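Since the structure comes first, as structure tokens, the remarks are kept for the end.
Residue numbers (full-length UniProt numbering): 1 to 361.
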């Protein structure tokens with residue numbers, strides 16, 4: 001029997017879904033949503049808050065403030081309520097209504113930014129708003145997930161070792177890229193591991209995290225409208241970019257088999273399946289990280305009217321082969337590919353990073 005006295009004391013870290021029966025390709029999906037915050041962001045939230053406490057940055061009258069598209073805001077709301085702090089989340093109009101209501105139910109204050117920044121996103125505007133509040137009132141303590149080393153440190157110390165303990169022969173790891181905290185923590189850990197692990201970052205089309213032109217993004221979570229300060233591309237072997245339409249199709253395909261996952265997870269799964277379809281390799285051990293669950297997306301990704309208004313009537317047209325459709329390169333191809341490749345029918349594109357960066361063995 002497990003008995004806890006604080007909500008963040010519970011976080012199931014060793015649950016995996018075998019996606020072979022659903023997608024026809026072997027991929028183990030590490031589920032990070034089984035905690036009271038409902039997402040992987042709980043790990044970074046705990047790390048950043050407890051570090052701020054140790055450093056003497058938080059006092060009883062402090063107000064924690066953070067810019068978040070949703071999941072980190074929920075995690076910080078939960079921790080703030082548990083520890084007796086006030087919390088203000090600065091989010092934007094893409095944040096799901098259920099997520100905003102959840103933060104408010106936990107006692108947090110939520111400010112919603114509606115003005116776009118110069119890159120056509122909301123992140124720059126949110127950060128400017130946070131900075132203005134901090135300059136006006138010294139009670140605000142900004143954790144700054146975008147620059148805080150605790151963001152990636154949480155995954156270096158927890159998430160990556162959890163995977164390593166269960167998959168000692170891991171070949172490839174798929175990680176969604178937002179702030180890149182999860183990506184950098186896992187990539188740094190496996191760079192030091194006993195055998196090479198290919199790190200594949202999964203981003204959304206329209207994100208500028210790895211360069212490229214900014215574009216419309218309606219699903220919160222992954223992707224950035226600025227280059228993530230935590231990102232060090234020397235740790236990343238490849239980048240897969242996924243269209244939001246493919247994210248949605250992956251979510252619905254999983255839901256048809258009883259697995260209700262969130263938008264970030266749908267993006268990671270779609271990108272991973274696209275990569276695996278082009279890198280046929282018998283016996284490959286592949287793991288992907290599922291950051292969130294689907295309940296907070298019921299009025300968006302799982303709401304037909306919302307989908308058709310934004311993506312058209314045929315958005316859910318999906319054959320049995322799904323987004324992992326065509327096959328391609330061999331194991332040898334995956335090791336040598338080093339230029340951008342135009343993707344297949346679903347519109348994802350891949351950028352391979354030079355393989356001269358070898359890990360310690």
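Glycine is no exception: its CB is placed at the ideal position from the N, C-alpha and C atoms. On a predicted model such as this, the values are computed, not experimentally measured, just so you know.
Distance CB(residue i)-CB(residue j) smaller than 7 Å
| i | j | result |
| --- | --- | --- |
| residue 291 | residue 32 | yes |
| residue 146 | residue 229 | yes |
| residue 223 | residue 216 | no |
| residue 110 | residue 89 | yes |
| residue 44 | residue 154 | yes |
| residue 191 | residue 235 | yes |
| residue 304 | residue 96 | no |
| residue 285 | residue 267 | no |
| residue 81 | residue 102 | no |
| residue 70 | residue 99 | yes |
| residue 177 | residue 160 | no |
| residue 174 | residue 277 | no |
| residue 210 | residue 239 | yes |
| residue 28 | residue 242 | no |
| residue 245 | residue 302 | no |
| residue 48 | residue 143 | yes |
One or two residues paired with residue i in a DSSP bridge
| i | result |
| --- | --- |
| residue 11 | 35 |
| residue 142 | 65 |
| residue 198 | 172 |
| residue 446 | Given that the chain is displayed from residue 1 to residue 361, the structure contains no residue 446 and the question cannot be resolved. |
| residue 289 | 30 |
| residue 209 | 211 |
| residue 204 | 242 |
Residue range of the alpha helix (DSSP H) that includes residue i
| i | result |
| --- | --- |
| residue 238 | Careful: residue 238 lies outside any alpha helix (DSSP H), inside the beta strand (DSSP E) at 238–242. |
| residue 302 | Here residue 302 belongs to no alpha helix (DSSP H), and DSSP marks it neither H nor E. |
| residue 173 | Unbroken run through residue 173 is the beta strand (DSSP E), 172–176; no alpha helix (DSSP H). |
| residue 130 | 123–136 |
| residue 268 | 263–278 |
| residue 78 | 71–83 |
| residue 97 | 97–105 |
| residue 180 | Careful: residue 180 lies outside any alpha helix (DSSP H) and carries neither H nor E. |
| residue 48 | 41–54 |
| residue 161 | 160–166 |
Option nearest residue i by Cα separation, candidates the options
| i | options | result |
| --- | --- | --- |
| residue 38 | 317, 293, 310, 311 | 293 |
| residue 199 | 207, 185, 208, 205 | 185 |
| residue 261 | 101, 317, 30, 284 | 30 |
| residue 197 | 83, 167, 125, 204 | 167 |
| residue 399 | 210, 17, 171 | This structure gives no information on residue 399, because the portion of the chain shown stretches from 1 to 361. |
| residue 264 | 289, 275, 278 | 289 |
| residue 92 | 117, 75, 79, 77 | 117 |
| residue 183 | 158, 165, 205 | 158 |
| residue 94 | 312, 313, 296, 317 | 296 |
| residue 189 | 77, 274, 164 | 164 |
| residue 75 | 41, 48, 60 | 41 |
| residue 181 | 205, 133, 233, 130 | 233 |
| residue 24 | 254, 298, 72, 6 | 254 |
| residue 83 | 114, 143, 46 | 46 |
| residue 378 | 7, 26, 8 | Lying before the first or after the last residue shown, residue 378 is absent from the chain, which here runs from 1 to 361. |
| residue 274 | 134, 143, 203, 132 | 203 |
| residue 317 | 282, 283, 252, 6 | 252 |
| residue 68 | 8, 126, 133 | 126 |
| residue 6 | 50, 79, 19 | 79 |
| residue 50 | 130, 18, 149 | 149 |
Span of the beta strand (DSSP E), counted from its first residue to its last, around residue i
| i | result |
| --- | --- |
| residue 150 | Looking at the DSSP string, residue 150 is not in any beta strand (DSSP E); the run it does join, the alpha helix (DSSP H), is 149–154. |
| residue 87 | 86–92 |
| residue 17 | 16–18 |
Same chain, Cβ closer than 6 Å to residue i, neighbours up to 5 away in sequence not counted
| i | result |
| --- | --- |
| residue 269 | 250 |
| residue 13 | 162 |
| residue 339 | Because the pLDDT of residue 339 is 29, which lies under 50, any placement of that residue in the model is unreliable, and the question is left without a value. |
| residue 121 | 225 |
| residue 307 | 315 |
| residue 86 | 63 |
| residue 77 | 87, 103, 106, 108 |
| residue 20 | 26 |
| residue 169 | 285 |
Nonlocal neighbours in the same chain, by C-beta distance under 7 Å from residue i, ignoring five residues either side
| i | result |
| --- | --- |
| residue 257 | 22 |
| residue 179 | 145, 146, 151, 228, 230 |
| residue 208 | 119, 214, 224, 225, 226, 227 |
| residue 58 | 52, 85, 141 |
Close-in-space but distant-in-sequence residues of the same chain around residue i (CB under 8 Å, 5 per side omitted)
| i | result |
| --- | --- |
| residue 10 | 2, 4, 35, 36 |
Interface flag, residue i vs chain D, CB-CB below 7 Å
| i | result |
| --- | --- |
| residue 178 | In the structure shown, chain D does not exist; there is a single protein chain. |
Closer than 6 Å: residue i CB and nearest the ligand COA heavy atom
| i | result |
| --- | --- |
| residue 104 | In the structure on display, the ligand COA does not appear, and there are no ligands present to speak of. |
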